[in-house]
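Chemist: Let me begin by handing over the structure; questions about it come next.
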Amino acid sequence: MLAGNWKMNKTPSEAQSFANLLVNELVGIKSFDIYVAPPFTALDRVREVISSSNIKLAAQNMYYEDSGAFTGEVSAKMLKDLNVEAVIIGHSERRKIFGETDELINKKIKKALNEGLTPIFCIGETLEERQKGLTFCVVEKQVREGFYGLSREEAIKVVIAYEPVWAIGTGVVATPWQAQEVHAFLRKLLSEMYDTEVAQKIRILYGGSVTPENWFGLFVQKDIDGALVGGASLKESFIELARIMERVISK
Ligand code: PGA
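Rendered as structure tokens:
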């Protein structure tokens, strides 16, 4: 899977024209899923552009209630009505800037699954946590709490995005070895929590300063199933990332 997280970038008209470019350039790619996650305000316009293409629509967030007095929030049903198929949940920016907790994130994951949306569940350690040797502890806690109460059938539908916080938007990418080590740890953890089939089937993406220059080395790692991309998803580099994946998969 290749997913572009546009964050708070692009007006609806900018999003529409960029989506047009992506549709033309990425036509024919079928060997992996391509998602774009525009801001809420651009979802409808992007939906129209990509409707008969191989690009799927994702949202960057949602709330776990259906409706009501939740000023500023958007429900899973609202997203479904716009043909949104996946939703990013628990991004480190939402955890840090907007105070999202593992408990809230777990509620959102459950709600997304109940409504038939694929949660792209983000986890990752800060630089301080890595330097203290806490990486595995931190991601284990995030995964256990995020998956709390999920059956194996539900768990298998979740996409995990391992995004070391120190690599997000910094230009400092994890080395292929650093990323692979955590991805392998996550598979082992999932096989303990569920079984080996779940651990093998769950897609685990890497995210954090992915660019066409570093993507090949990461994507060829055994346990890296794709990328969640921020900065490089806003321009033509997103197309290059997809081409790299096509080449690796077709080999
Ligand atoms: P980045 O962001 O690619 O700009 O580092 C990744 C993300 O936040 O998902």
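To convert, take the position in the sequence shown, counting from 1, and add 13; that gives this note's numbering. Think of the CB as a built atom: it goes at the ideal place given N, C-alpha and C, for glycine as much as any other residue.
With H, G and I counted as helix, E and B as strand and the rest as coil, what does DSSP make of S88?
Modeler: Reduced to three states, the DSSP call for S88 is strand.
Chemist: If distances are taken between C-alpha atoms only, which option among A16, I68, K43 comes closest to V36?
Modeler: Checked all of A16, I68, K43; the closest Cα to V36 is I68.
Chemist: By DSSP's criteria, V100 is part of a beta bridge. Which residues make up the other side?
Modeler: A72, P132.
Chemist: Going by DSSP in three states, V172 sits in which element: helix, strand or coil?
Modeler: Note: V172 maps to strand in three-state DSSP.
Chemist: From what residue to what residue does the beta strand (DSSP E) around V242 run?
Modeler: From DSSP, the beta strand (DSSP E) with V242 extends over 240 to 242.
Chemist: Quick check on the DSSP output: the beta strand (DSSP E) that includes G220 runs from which residue to which?
Modeler: Unbroken beta strand (DSSP E) run through G220: 216 to 220.
Chemist: Please give the ranges of any alpha helix (DSSP H) in the segment 185 to 239, keeping only runs that are unbroken, at least 4 residues long and fully inside the region.
Modeler: List check, alpha helix (DSSP H) in window: 189 to 206, 209 to 214, 228 to 232.
Chemist: State the DSSP-derived secondary structure class of A50, mapped to helix, strand or coil.
Modeler: Three-state DSSP puts A50 in a strand.
Chemist: Given a threshold of 16 other Cβ atoms within 10 Å of its Cβ, counted over all protein chains shown, does E226 qualify as buried or as exposed?
Modeler: So E226 counts as exposed.
Chemist: Leaving aside the five residues before and after L242 along the sequence, list all residues of the same chain whose C-beta is less than 6 angstroms from its C-beta, in chain order.
Modeler: Sequence check: residue 242 is Val here, not Leu. Closer than 6 angstroms at Cβ, skipping near neighbours: G17, V223.
Chemist: Could you say if the segment 53 to 73 and the segment 208 to 216 meet the contact criterion of at least three C-beta pairs nearer than 8 angstroms?
Modeler: With a cut-off of 8 angstroms, the segment 208 to 216 and the segment 53 to 73 do not count as touching, because too few Cβ pairs lie within range.
Chemist: Buried or exposed: which applies to M21, given that a residue is buried once 16 or more other Cβ atoms fall within 10 Å of its Cβ?
Modeler: Per the 10 Å Cβ criterion, exposed.
Chemist: Please confirm if the segment 139 to 156 is in contact with the segment 177 to 184, defined as three or more CB-CB distances below 8 angstroms between the two stretches.
Modeler: Contact holds: three or more Cβ-Cβ distances are below 8 angstroms.
Chemist: Whether or not the segment 122 to 138 and the segment 100 to 113 are in contact is what I'm after, with contact meaning three or more pairs of Cβ atoms, one per stretch, closer than 8 angstroms; do they touch?
Modeler: Result yes; three or more Cβ-Cβ pairs closer than 8 angstroms.
Chemist: By Cβ distance below 7 angstroms, which residues in the same chain neighbour S80 in space, the five residues on each side in sequence not counted?
Modeler: Contacts found: S88.
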